[in-house]
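**Student:** Numbering (my numbering), first residue to last: -14 to 994. Submitted below is the structure of interest, expressed as structure tokens.
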């Protein structure tokens, strides 16, 4: 049958359809009276019906997360393949890029300048200016040094290879400089580069020393030339004065004074030359010290200290705040004071500045000493000149000219000696540094690229897998069709009672389970009539007929009759037109057919117009009264207005759909109209559902997670006042604290975490709380909390135990473990036997105001571990004494009296302890009296049943009275026994008197008169 073309699904079309129904054109639809509907007599009907109503979920995701996981699981091989391909590509690139790195190291040390080149006996020898380690390190990284290294190796290796693998570092507080060379060529290559570079650096130090000596040599040459010119002039003056004055010789005293004046002049000139040399050296040190500003060094040191603190701490830490304030003060001081070379550096600010400042102080001190010596020599020379001034003027002039000549000759000799020393330093320069150690071939270390390749391969694998996973997730999220139960539930807002898999082999079993869940949710009339349910679906979906047949067969298996009204027709199906016209006959037919569904097909003429809907309503009014009948009606496509008009008159509606046929958004919009019309949507069914592989795994994981959470919750030991813990922060030295006690207020303090709440928290919760608080002050803070002692959780044990008192619950304990911690039960001697003195029958465990249902006697005497309950803080265990209990054994027993009651004492054991029954005791029944004097209880114990093992022994309790009565016929037996004895005595006496005479005829004793 071809259905009529669907009409536009809108309120206008629906009102138009309703307007053709003449009886209630303008009246709104009256819903079925609520009194006529009720749940079927099923215990889960109420809850199932409530579950059918759509509820707003706590988290309303716009997709089914299970589908996302299933998409990833189904494409695991693609993720694996993509990961392997990317990993192979990255490994290949890494194999070409990464190489084995070889590293070799050498050391050079600063050497003291030798005085082997001394050429004069007076004054200090020539020494070149000093070369500091920072200056050398700057020169070592220069391009000329690198270029010299490559030239020394005849350009076998490029400058970039040498520069990239070079590391220069000075050892602290020493004169040693470490040189490290790294290369990816070979061990021999790195050794060659290291040796060439070290030799270049040493040659650089020698060249610097040679250039310094050459500069000094040039300076001294100029001084010598000036001195020679002055000496030549003095000689000319001396010759001219001699010709003019005809002075051939001087007085001997004048010669002595002149010789003394010459000696002092020589010393003066020597000291003056050394004094001038010191000025040059002081200026050089001042220049170097000016480059190393102590204030800048302090600022750099403060910045470095602040950076080190910020690696560990945050800006809120007190140490960081103090360091920031110190840095700000130093910066302000540097701005205000500027560069100062006279200010001594503080200890630890700069090693270079300290060394230069000490050299400057030493040179200035030497200069001051030399200045004082020059003043003394000048005074002595002035005294000699005064003495010479007393001589004749011509002799004085001659002496003065001769003295100048001697002074110039002495100065020239000193300058010539210094020049020769400088020339020797220039020709045989030793350098400022010398080789201290050089790596050997066996000292070369190497690092293979294995770790880098592993990291690159792992990163490539992860990237490839993530790309495929992202594509799979994106395709899944972009697919807006209903494919899984989650999608159907999200689209319809209804509980999905069943999803028939595409490859389902046992559809009947699925239908039976689904119908069992659906039946309690269906509503029927108050009289218990038929269960009517409409089946909805879209026009392009064919799931409704198939699912209706399966549900109908399941209903028949449950003992119900079933009517199917479908759009499919077959030869055995009734026509809907005839069925509605002959509703009663159709009802009888349905009741008669109980082994299969009664199918009614819609013919082509049936268009659900107004007249046909009225006929349908009349027939449904009759069919609704059929008891034990299920009527499943396939509605037209939900896009047609007729579907809504029919659905309004049905008490139950089910949505059906096949996987991948409908859009989620379209289904939501369609069902919103049905809900606005007041239709009763009950549940949803899905056909051809894909098998989501992670479903079982997800359920199993949820179960395992729930079990683990419950187990962890049971084993958590909260902290309390008096407990002590050990706290530490790995990576921060000196912050470990042991035995940090939780105060009476339940708080503790650790570093900047003040008054932290600890009572009631577990160790993990306290650790998280401390970590959160301390991360305000420490970067990457990770707190470790370990238990030390537990003093807040106690269990109290009293009574007949070895160690009475409180027991700390430092771990989860059971009753048996608590008694073991208390030393066990007390034992003692009773009737020459060692017995436990505790009365386990009357022992108990109290928790709060309630007594726990724990049978301690079954636990300790019979080994029933089900009674071994876990104790909690505050529990109270009491084991009363068995010696304080007694029973009373009275009646016909051999030893009446009081007996001690033990845990195993019974009636027969008490009688045995009393010596047993007497002869006239009634041994069949024994009376036991129990209780107070006001309300005593009586128990009759059948001793014959106990002794013949037909009954259990009667257990006695404290203060019980055991009474053994006499036999009921005991008095009659006694009287009969007395009568028989009297009769026998009389009979014997009479017979003896009559038949036997006396044996003694005569009296034995004489008679007394």
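Backbone N, C-alpha and C fix where the C-beta goes; we use that ideal spot for every residue, glycine too.
1) Please classify residue 968 as buried or exposed, where buried requires at least 16 other C-beta atoms within 10 Å of its C-beta.
2) Alpha carbon to alpha carbon, how far is residue 624 from residue 746?
3) Helix, strand or coil for residue 496 per DSSP?
4) Could you tell me if the beta carbon of residue 755 falls within a distance shorter than 6 Å of some heavy atom in the ligand FMN?
5) Looking at the strands, I want to know which residues DSSP matches up with residue 784.
6) Locate the beta strand (DSSP E) running through residue 724, then write down its first and last residues.
7) Please name the residue or residues paired with residue 927 in a DSSP beta bridge.
8) Can you name the start and end residues of the alpha helix (DSSP H) that residue 586 belongs to?
9) Quick check on the burial criterion: 16 or more other C-beta atoms within 10 angstroms. Buried or exposed for residue 202?
10) Would you report the Cα separation of residue 92 and residue 765, rounded to the nearest angstrom?
11) Taking residue 669 and residue 479 to be in contact with their CB atoms under 8 Å, please state how far apart those CB atoms are, rounded to whole angstroms.
12) Taking Cβ to Cβ, would you say residue 134 is nearer than 7 Å to residue 78?
13) Work out the CA separation of residue 605 and residue 565 for me, nearest whole Å.
14) Checking the sheet assignment: what are the DSSP bridge partners for residue 735?
15) Can you say whether residue 366 is buried or exposed, counting buried as having 16 or more other CB atoms within 10 angstroms of its CB?
16) Please state the DSSP three-state secondary structure of residue 87.
17) Within 10 Å of its beta-carbon, does residue 995 have 16 or more other beta-carbons around it, so buried, or fewer, so exposed?
18) Please report the distance separating the alpha-carbon of residue 807 from that of residue 781.
19) Does the distance from the C-beta atom of residue 528 to that of residue 641 stay below 7 Å?
20) Keeping to the same chain, check which residues put their C-beta closer than 8 Å to that of residue 393; ignore five residues upstream and five downstream.
21) Quick check: the Cα distance between residue 137 and residue 185, rounded to an integer number of angstroms?
22) Report the residue from 526, 860, 862 and 929 whose alpha carbon sits nearest the alpha carbon of residue 892.
23) According to DSSP, is residue 547 part of a helix, a strand, or is it coil?
24) What span of residues does the alpha helix (DSSP H) with residue 54 cover, start to end?
25) What's the call for residue 962, buried or exposed, on a 16-neighbour Cβ count within 10 Å?
26) For the region 448 to 524, which segments carrying the alpha helix (DSSP H) assignment without a break, of at least 4 residues, lie completely within its bounds, in sequence order?
27) Where does residue 398 sit, in a helix, a strand or coil, going by DSSP?
28) Is residue 119 helix, strand or coil when you go by DSSP?
29) Hey, residue 671 and residue 485 are a contact pair by Cβ (cut 8 Å); roughly how many whole angstroms apart?
30) So residue 351 and residue 263 are in contact, right, with Cβ under 8 Å, and what is the actual spacing, rounded?
31) Can you pull the DSSP bridge partners for residue 995?
32) Could you give the distance in angstroms between the alpha-carbon of residue 714 and the alpha-carbon of residue 132?
33) How many Å lie between residue 946 and residue 931 at the Cα?
34) Taking the alpha-carbon positions, what's the residue 51 to residue 601 distance?
35) With three or more beta-carbon pairs closer than 8 Å as the criterion, would you say the region 402 to 411 touches the region 190 to 202?
36) Quick one: Cα of residue 655 to Cα of residue 572, how far?
**Tutor:** Working from what's here:
1) Residue 968 should be labelled exposed.
2) C-alpha of residue 624 to C-alpha of residue 746: approximately 59 Å in a straight line.
3) DSSP places residue 496 in helix when its eight states are reduced to three.
4) Ligands in the displayed structure: none, and consequently the ligand FMN is not present.
5) Under DSSP, residue 784 takes part in a beta bridge, and its partners are 864.
6) For residue 724, the enclosing beta strand (DSSP E) begins and ends at 722 to 726.
7) In the DSSP output, where bridge partners are listed per residue, residue 927 has 910.
8) Where residue 586 is concerned, there is no enclosing alpha helix (DSSP H), although the beta strand (DSSP E) around it starts and stops at 583 to 586.
9) That one is buried.
10) Straight-line Cα distance between these residues: approximately 38 Å.
11) Between residue 479 and residue 669 the Cβ distance is about 4 Å, and since that is below 8 Å, they are a contact.
12) For the 7 Å CB-CB criterion, residue 134 and residue 78 do not form a contact.
13) Cα to Cα, residue 565 sits roughly 8 Å from residue 605.
14) Under DSSP, residue 735 shares a beta bridge with 738.
15) By the 16-neighbour rule on beta-carbons within 10 angstroms, residue 366 is buried.
16) Under the three-state reduction of DSSP, residue 87 is assigned to strand.
17) Beyond the ends of the chain as shown, which are -14 and 994, falls residue 995; an answer cannot be given.
18) Residue 807 and residue 781: Cα-Cα distance of roughly 10 Å.
19) Yes. Within cutoff.
20) Residues 212, 215, 216 and 219 of the same chain have their beta carbon placed closer than 8 Å to that of residue 393, with the five preceding and five following residues left out of the count.
21) Roughly 8 Å separates the two Cα atoms.
22) The residue with the shortest Cα to Cα distance from residue 892 is 929.
23) Correct three-state label for residue 547: strand.
24) Where residue 54 is concerned, the enclosing alpha helix (DSSP H) stretches over 50 to 59.
25) Under the 10 Å beta carbon count, residue 962 is surrounded by fewer than 16 other beta carbons and is classified as exposed.
26) Counting whole runs of 4 or more residues, the region 448 to 524 contains the alpha helix (DSSP H) stretches 470 to 477 and 492 to 503.
27) Here DSSP, grouped into helix, strand and coil, assigns residue 398 to helix.
28) Helix at residue 119.
29) That belief holds up - the Cβ atoms of residue 671 and residue 485 are roughly 7 Å apart, short of 8 Å.
30) Their Cβ separation, rounded to whole angstroms, is 6 Å, which keeps residue 351 and residue 263 in contact under 8 Å.
31) Nothing in the structure corresponds to residue 995, since the chain is present only between -14 and 994.
32) Distance from the CA atom of residue 714 to the CA atom of residue 132, rounded to whole angstroms, is 50 Å.
33) If you take the alpha carbons of residue 946 and residue 931, they lie about 19 Å apart.
34) A direct Cα-Cα distance of roughly 43 Å separates residue 51 from residue 601.
35) Flag = yes, the region 402 to 411 and the region 190 to 202 touch.
36) Spanning the two alpha carbons is a distance of roughly 33 Å.
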